[in-house]
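Those protein sequence lines, which keep their order, are chains A and B. Read in order, the letters of the first sequence correspond to residues 1193 to 1594 in our numbering. Read in order, the letters of the second sequence correspond to residues 1193 to 1594 in our numbering. Reading through the structure tokens given below for one structure.
2 protein chains.
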Amino acid sequence: MSDYEQFFSTNAKNMKKSEIRELLKLTTKPGVISFAGGLPAPDLFPVEELREVIDHVLKSDGPKALQYGPTEGDMNLREELRKFMMKEGIDIPVEQIFVITSSQQGLDLTGKIFTDPGDIIMSGKPTYVGAIQAFHSYGAKMCPVDLDEEGIDTEKLDTEIKRFTDNGQKPKFIYVVPDFQNPSGITLKLERRKDLIAIAEKYDMIIVEDSPYRQLRFEGKSEEPLLSLSRDRVLSLFTFSKILLPGFRLGWMAGPAPLIQKAIVAKQAVDLCAPPFNQAVLAEFMKRGLLEKQIQRIIVAYREKRDYMLEKLDEFMPRIEGLKWTRPAGGLFLWVTLPKHMNTSELFKEAVVKKKVAYVMGCSFDPTGLERNTMRLNFSFADKEQIAEGIKRLGELIKDKI
Amino acid sequence: MSDYEQFFSTNAKNMKKSEIRELLKLTTKPGVISFAGGLPAPDLFPVEELREVIDHVLKSDGPKALQYGPTEGDMNLREELRKFMMKEGIDIPVEQIFVITSSQQGLDLTGKIFTDPGDIIMSGKPTYVGAIQAFHSYGAKMCPVDLDEEGIDTEKLDTEIKRFTDNGQKPKFIYVVPDFQNPSGITLKLERRKDLIAIAEKYDMIIVEDSPYRQLRFEGKSEEPLLSLSRDRVLSLFTFSKILLPGFRLGWMAGPAPLIQKAIVAKQAVDLCAPPFNQAVLAEFMKRGLLEKQIQRIIVAYREKRDYMLEKLDEFMPRIEGLKWTRPAGGLFLWVTLPKHMNTSELFKEAVVKKKVAYVMGCSFDPTGLERNTMRLNFSFADKEQIAEGIKRLGELIKDKI
């Protein structure tokens, strides 16, 4: 048999391996300091606390936790999530909270319930690579609108949506990562959030709010969640991956009941339910107040790492026109812009092979793939020694290209 | 906001809640004996062994197990699965074994990589309801061919495929559950397996082999897996849900490298990876030889339950023309056919509310939804006392309708 290609669906024929995930393999070579992954710091995982909680769950309710569970999620966990969101200022009934197998699955379900091939989805530029993959896998066309230091440019967004709508091609929804955005680290300011809701109302659209880092704020006050600004038009995705651990693959979705209902029906056919065992463990973990404790622990550690990376960038980067970086108030990432003539995709191999330092090139976060002179740096995974040495190497790489 | 319907994709508009899963809610009312679910017996879950294994994993490799993992799966688990399959007579390299978040996800990925809206998929009739849901969610048309006591009628299958192909509508693939099929309990005989492969070759097609129960054989010799009859044309799905526990949501896919590669790329956008923690635990569980032990334990218990249910059916069912049931050599289910004038969908409410016994009506397993006089009975979940009383009630229900 030679030609398997003939069997694939149109969407599958267009699926590409994620460049990032392929490149991550390169960056695991010995001696390479990687700022490329989006990995949380594994030394912060609360292993011992988890062991105790798991012990308790297995002893008190083992058979139930190991059985199938309802598609909408473990009721204890949903109840804990309701309380957790309440503290964030989102008062939403448990029926509108739905446990998913990672927020990446939330993106997949969002693509599935909303998107026909050729549908237009509005997003920021840059934007999260996993969303690009998920939406493209349903044949969507993503139309990105530039971010500035206050988040997505809502004026441009309005103009773009109007253009499409006048053309009889109303976009399906607006996708945003409002808090410490991946990849840029930028947070959408309140005025812009209000603009965004106004735009959704003006054109009768849905907003998908993807907020994996929201709870990891190092300083200042949180901006109001989009979901609490509009309970009608916002479908929100959250995850345990960054505020606790990714190895359980659990997240949650919250929003208007008819959208949550449709997503639940879609999930039945996708994987029946998120892992009930993992859900039971996290419900107990939250019930004991351990999640809040863990979030505080992470904030302290990541703030220190962010400060240190910013310090080292100031120290090691050449002072040249056009070279700048963001100073995120939370999250896992910052975003470096190089002078226009530099190309981070072209530089990548040299960075990893010669300088032994890795980043993710900006083009990965651009649905059009045209972005050239930007890179994402992760500050959560590396230790301080690696941060100092890695930024020094990166500085040298750039100096060589001036 | 009133009209959320306008936002949904064409496929989402067609998604229906699973009748089974909705009905399962009814069957949890006090006093109802349910043969409806497909649940394994929770009292057999190896809770204590798992606790020890989890302890070991957290202590020896906690941070790694709680981190993100590769999309294709944990290498230790894939290596254990390679050995496990070798014992089944399937010698396949680890690169062609891929860990998925439940075999239901395998069906979703299969739908995703193969199916464009309107594509035809061949299947048995009856067939697994979760496959119907998964394939329908991609807009596929499922064309079922009757099963007899030797499995899918391959002569009819050939005729049907020829008819479609002559019409310029070559079906996308053939979906079969060859071992102790859900819902019928029927196993596809070797000659039929060979016919099936010959048909796939004749028409240049793929076969999707979904085999969640294969290892749960109570007597006799296993039929050769389709995957070992053709390494070119068979993509196989397996799961831990029935041979160990469903609460971890883990399964695996094996088959030709280009198909596995495409499914891995699709999974990146779907949920990045199956839960790495759960994978690390099952790798260690298998390494310790505990899975084989557990399978033996389950076989002994389920055989006894099957025998007992068959005994009670003989005892309590009226001896009337047209009433019969299958005698499966393994798995979790048997299949009852009532006289043609009886309608198990119409009888359901009376069964649950008046007689307090539940089954799944046959129409759920028919992609055309026309099946009327059949029902699926699960014998793995209820205890012996419940089996005796439940079958007695079912006998009374049917006697009332003669």
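Where a beta carbon is used, it is the ideal one built from N, C-alpha and C, also for glycine.
Anything in chain B within Cβ reach of residue i, meaning under 9 angstroms, just list it in chain order.
i, result
"I1590/A", "Those within 9 angstroms of I1590/A in chain B number zero; the least Cβ separation is about 29 angstroms."
"N1470/A", "G1439, F1440, R1441, P1467, F1469, N1470"
"K1485/A", "Ordered by position in chain B, no residue passes the 9 angstroms Cβ test against K1485/A, which lies about 16 angstroms from the chain."
Where does residue i land, buried or exposed, given buried means 16+ other C-beta within 10 angstroms?
i, result
"G1281/A", "exposed"
"Q1488/B", "exposed"
"L1382/B", "exposed"
"G1360/A", "exposed"
"S1252/B", "exposed"
"G1322/B", "buried"
"P1285/B", "exposed"
"F1427/A", "The amino acid at residue 1427/A is misidentified as Phe; the sequence shows Leu. L1427/A is buried by the Cβ-count criterion."
"V1473/A", "buried"
"N1470/B", "buried"
"P1510/A", "exposed"
"K1504/A", "buried"
"D1424/A", "exposed"
"M1595/B", "Residue 1595/B lies beyond the stretch modelled for chain B, which goes from 1193 to 1594, so this question has no answer here."
"D1311/A", "buried"
"L1301/A", "buried"
"N1374/A", "buried"
"A1449/A", "exposed"
Ignore the nearest five residues each way along the sequence and tell me which others in residue i's own chain have a CB closer than 6 angstroms to its CB.
i, result
"T1431/A", "S1295, P1404, G1443"
"P1520/A", "F1372, G1377, L1526"
"S1422/B", "I1389"
"Q1486/B", "P1238, L1436"
"E1264/A", "F1290, I1456"
May I ask you to list the residues that DSSP assigns as paired with residue i?
i, result
"F1367/B", "Correcting the residue identity first, residue 1367/B is Tyr in this sequence and not Phe. DSSP output for Y1367/B lists S1315/B, V1400/B as bridge partner(s)."
"M1553/A", "M1567/A"
"I1344/B", "L1339/B"
"V1286/A", "DSSP, once it has assigned bridges, lists no residue as partnering V1286/A."
"V1528/A", "W1517/A, M1567/A"
"V1291/B", "W1444/B"
"L1429/B", "D1402/B, M1445/B"
"I1225/A", "V1549/A"
"K1333/B", "I1312/B"
"G1522/B", "R1409/B"
Mind listing the chain B neighbours of residue i? Cutoff is C-beta to C-beta under 7 angstroms, in chain order.
i, result
"L1451/A", "Y1196"
"I1398/A", "F1199"
"A1326/A", "A1461"
"K1317/A", "Ordered by position in chain B, no residue passes the 7 angstroms Cβ test against K1317/A, which lies about 19 angstroms from the chain."
What residues of chain B sit near residue i, judged by a beta carbon separation below 8 angstroms?
i, result
"K1364/A", "F1199"
"K1209/A", "V1457, Q1460"
"D1558/A", "Ordered by position in chain B, no residue passes the 8 angstroms Cβ test against D1558/A, which lies about 17 angstroms from the chain."
What residues in its chain sit with their C-beta under 8 angstroms from that of residue i, if we drop five residues either side in the sequence?
i, result
"K1454/B", "I1305"
Which residues in chain A sit within 9 angstroms of residue i, going by Cβ to Cβ distance?
i, result
"R1385/B", "What R1385/B touches in chain A: nothing, since even the nearest Cβ is about 18 angstroms away."
"S1420/B", "What S1420/B touches in chain A: nothing, since even the nearest Cβ is about 16 angstroms away."
"K1221/B", "Those do not exist, as K1221/B stays about 16 angstroms from chain A at its closest Cβ, beyond 9 angstroms."
"A1446/B", "Per Cβ cutoff of 9 angstroms: no residues; A1446/B is ~15 angstroms from chain A at best."
Residue i touches chain A at which residues, Cβ-Cβ below 7 angstroms?
i, result
"V1337/B", "Under the 7 angstroms cutoff, chain A gives no residues; its nearest Cβ is about 20 angstroms from V1337/B."
"A1580/B", "Ordered by position in chain A, no residue passes the 7 angstroms Cβ test against A1580/B, which lies about 23 angstroms from the chain."
"A1543/B", "Going along chain A, no residue has its Cβ under 7 angstroms from A1543/B, so there is no contact; the nearest lies around 22 angstroms."
Short of 7 angstroms in beta carbon distance, which residues of its chain neighbour residue i, apart from the five on each side in sequence? Order them along the chain.
i, result
"K1532/A", "G1514, N1565"
"I1452/B", "Q1288, F1290, M1445"
"V1528/B", "W1517, T1566, M1567, L1569"
"P1262/B", "C1465"
"D1387/B", "T1346"
"D1338/B", "K1317, D1345, K1348"
Report yes if the C-beta of residue i is less than 7 angstroms from at least one heavy atom of the ligand FAD; otherwise report no.
i, result
"Q1453/A", "Judged by which ligands are present, the structure shown has none, so any question about the ligand FAD falls away."
Can you name the residues of chain A whose CB is closer than 8 angstroms to the CB of residue i?
i, result
"T1307/B", "S1201"
"K1576/B", "What K1576/B touches in chain A: nothing, since even the nearest Cβ is about 18 angstroms away."
* Asked: For the stretch 1250-1267 of chain B, which residues have a beta carbon sitting closer than 9 angstroms to at least one beta carbon of chain A?
  -> L1250, K1251, G1254, P1255, K1256, A1257, L1258, Q1259, Y1260, G1261, P1262, T1263
* Asked: Taking any Cβ of chain B, which residues in the stretch 1274-1305 of chain A have a Cβ under 9 angstroms from it, in chain order?
  -> I1292, T1293, S1294, Q1296, Q1297, L1299, D1300, G1303, K1304, I1305
* Asked: What residues in the stretch 1229-1248 of chain A bring their beta carbon closer than 7 angstroms to a beta carbon of chain B?
  -> L1231, P1234, D1235, F1237, V1239, L1242, R1243, I1246, D1247
* Asked: Which of the residues in the stretch 1499-1513 of chain B, read from start to end, lie with their CB under 8 angstroms from any CB of chain A?
  -> none
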